[in-house]
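When the sequence shown is numbered by the working numbering, its final residue is 405 and no position is left out of the sequence of numbers. All residues carry an ideal CB built from backbone N, CA and C; glycine is no exception. All values derive from a computational prediction rather than experimental measurement. Written below as structure tokens is the structure these notes are about.
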Amino acid sequence: MQLRYNVRLYPTPGQRQALARAFGCARVVFNDGLCARQEAREQGVPYIADGDLSKRVITQAKKRPERAWLGEVSAVVLQQALVDLNAAYRNFFTSISGKRKGPKVAPPRFRSKRDNRQAIRFTKNARFSITAGGKLRLPKIGDVPVRWSRDLPAEPSSVTVVKDSAGRYFASFVVETSDVPLPESAAEVGIDLGLSHFAVTSDGRKVGNPRFLRRAERRLRKAQRSLSRKAKGSANRAKARTKVAKAHARVADTRRDWAHKLSTALIRDNQAVYVENLAVSGLGRTRLAKSVHDAGWSQFVGMLEYKAARYGRCFAKIDRWFPSSKLCSDCGTVAESMPLNVRSWECPCGVVHDRDVNAAKNILAAGRADRLNACGAQVRPGPVPAQRDEAGSLRGAA
Numbered sequence: 008m009q010l011r012y013n014v015r016l017y018p019t020p021g022q023r024q025a026l027a028r029a030f031g032c033a034r035v036v037f038n039d040g041l042c043a044r045q046e047a048r049e050q051g052v053p054y055i056a057d058g059d060l061s062k063r064v065i066t067q068a069k070k071r072p073e074r075a076w077l078g079e080v081s082a083v084v085l086q087q088a089l090v091d092l093n094a095a096y097r098n099f100f101t102s103i104s105g106k107r108k109g110p111k112v113a114p115p116r117f118r119s120k121r122d123n124r125q126a127i128r129f130t131k132n133a134r135f136s137i138t139a140g141g142k143l144r145l146p147k148i149g150d151v152p153v154r155w156s157r158d159l160p161a162e163p164s165s166v167t168v169v170k171d172s173a174g175r176y177f178a179s180f181v182v183e184t185s186d187v188p189l190p191e192s193a194a195e196v197g198i199d200l201g202l203s204h205f206a207v208t209s210d211g212r213k214v215g216n217p218r219f220l221r222r223a224e225r226r227l228r229k230a231q232r233s234l235s236r237k238a239k240g241s242a243n244r245a246k247a248r249t250k251v252a253k254a255h256a257r258v259a260d261t262r263r264d265w266a267h268k269l270s271t272a273l274i275r276d277n278q279a280v281y282v283e284n285l286a287v288s289g290l291g292r293t294r295l296a297k298s299v300h301d302a303g304w305s306q307f308v309g310m311l312e313y314k315a316a317r318y319g320r321c322f323a324k325i326d327r328w329f330p331s332s333k334l335c336s337d338c339g340t341v342a343e344s345m346p347l348n349v350r351s352w353e354c355p356c357g358v359v360h361d362r363d364v365n366a367a368k369n370i371l372a373a374g375r376a377d378r379l380n381a382c383g384a385q386v387r388p389g390p391v392p393a394q395r396d397e398a399g400s401l402r403g404a405a
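Laid out in structure tokens, this is it:
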């Protein structure tokens, strides 16, 4: 399994200029390649092959006076910019042909120097390395100081240097790791994700919703108000914009750290984890959009999925149309309706249910039932309509 390890970089002023030069060169090569293919399409020329495009916008461009400065950065950075362009075109072609699942992918667009995020990638061909003193040695940039939070488990295959909207620099290493199965556990858990409580487990545990964005709204509002009062194009506006970006980055970092800790605890303590397959993109277009995005369900479920695969745990998603809240976990009766304001309800069998705990129990039961048995068939087959001669009572029967 390939994992990314992100560490913070603290480049010197000279190294920041070198990185800015590399960001700009990679952006120009990407835009030149995109422009060449668009012009070829408008003129009816066949699609330019990857190798021919590399010769045109890198090798031959360096010989022209207006692009001679491309030789001031590592050639691997320029080649990787074209790799990203080629990957964007492949994703677009497979999307319009129907081979790619999910929402449709738009064609690649031109990159702007005003983008909030700038990134370049170095592969092994660039001969980047980590020095004995713990610095990251990058070609034509130098030894960049690194704040290491942990040691890399193996030699990285590539490193991406990123500058985010808050002006921070990061190094993202791609490392090939081996699975580390945890000791088997007899516990299994179903998780119902929500807004009043972030997660409710089938054993009755309720994890409160931290609402990181809501708690930081006052600080964000103040920073955004200060930004709106600055003159466009001024140095003070640039400082205010950075302050707003840092405030949002603090919220995102806090949410990510909290989700990592909770997902790690759930994977460590349970052999199997089941969640509901929520339509987050649809919920993000409702009046609850702000709260839905603040919760970060997709990020949390993604962490559960890859950690379960790495540590030898079972992870599964339950169908989003499964009536987990309306189904009685004791007798199996399905209620006709269940508005959101109903937090507890009584089944005709006499059992009083907490809405979220009952849903988590049903998710756990559905996850167990959907797992394959030793023969490869589902333990609980789907509903099958009864045959005509089986329904009702036979005519003439006593």
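Should residue i go down as buried or exposed, given a rule of 16 or more other Cβ atoms within 10 Å for buried?
i, result
"Phe129", "buried"
"Ile148", "buried"
"Phe307", "buried"
"Cys356", "exposed"
"Ala88", "buried"
"Lys314", "buried"
"Thr19", "exposed"
"Cys335", "buried"
"Cys382", "The predicted position of Cys382 is uncertain, since its pLDDT is 39 and thus under 50; a value taken from the coordinates is nonetheless stated next. The residue is exposed, with fewer than 16 neighbouring Cβ atoms inside 10 Å."
"Asn277", "buried"
"Lys170", "buried"
"Ala302", "buried"
"Ile65", "buried"
"Val341", "exposed"
"Ala242", "exposed"
"Trp328", "exposed"
"Tyr176", "buried"
"Gln125", "buried"
"Trp304", "buried"
"Gly21", "exposed"
"Val36", "buried"
"Ser209", "buried"
"Ala25", "buried"
"Ser61", "buried"
"Ala206", "buried"
"Val80", "buried"
"Ala247", "buried"
Would you check if the distance between the CB atom of residue i and the CB atom of residue j is smaller than 8 Å?
i, j, result
"Pro115", "Phe100", "no"
"Ser179", "Val187", "no"
"Cys32", "Val90", "no"
"Ala29", "Ile127", "yes"
"Ser298", "Leu202", "yes"
"Phe117", "Asn13", "no"
"Ala421", "Arg244", "Since the first and last residues shown for the chain are 8 and 405, residue 421 lies out of range."
"Pro337", "Cys354", "Residue identity differs from the one stated: residue 337 is Asp in this sequence, not Pro. Yes. Within cutoff."
"Lys131", "Ser164", "yes"
"Gly58", "Lys69", "no"
"His300", "Gly289", "no"
"Arg15", "Arg154", "yes"
"Arg157", "Pro146", "no"
Measure the beta-carbon distance from residue i to residue j and round it to whole angstroms, keeping in mind my assumption that it falls under 8 Å.
i, j, result
"Pro160", "Tyr17", "Contact flag wrong, Cβ pair sits at about 23 Å."
"Arg317", "Met8", "6 Å"
"Ser331", "Ile370", "5 Å"
"Leu311", "Ser344", "About 31 Å separates the two Cβ atoms, so there is no contact after all."
"Ala367", "Gly197", "5 Å"
"Val182", "Leu10", "6 Å"
"Lys120", "Arg23", "Going by Cβ atoms, the distance from Lys120 to Arg23 rounds to 15 Å, so no, they are not a contact pair."
"Ser104", "Val112", "Not really, about 11 Å apart at Cβ, beyond 8 Å."
"Ala372", "Thr249", "About 50 Å separates the two Cβ atoms, so there is no contact after all."
| Can you list, in chain order, the stretches of the alpha helix (DSSP H) that have 4 or more residues and sit fully within the region 168-194? | Listed in chain order, there is nothing to give.
| message | Any contact between the region 279-287 and the region 321-336? By contact I mean 3 or more CB pairs, one from each, below 8 Å. | response | They touch, by the three-pair rule.
| request: Assess, as a yes-or-no matter, whether the region 37-52 is touched by the region 210-220 under the definition of 3 or more beta carbon pairs within less than 8 Å. | output: no
| message | Does the contact criterion of 3 or more C-beta pairs under 8 Å hold for the region 361-373 versus the region 343-351? | response | Touching, yes.
| query | Three or more C-beta pairs closer than 8 Å, one from the region 270-281 and one from the region 222-237: is that the case here? | reply | Two segments are said to touch when three or more pairs of C-beta atoms, one from each, lie closer than 8 Å; by this definition the region 270-281 does not touch the region 222-237.
| Are the region 262-269 and the region 228-243 in contact at 8 Å, needing three or more beta carbon pairs? | no
| task | Ignoring anything shorter than 4 residues or poking outside the region 225-291, list the alpha helix (DSSP H) runs there in chain order. | result | 242-276, 287-290
| said: Please give me, in chain order, every unbroken run of the beta strand (DSSP E) with length at least 3 that falls completely inside the region 60-144. | reply: 125-130
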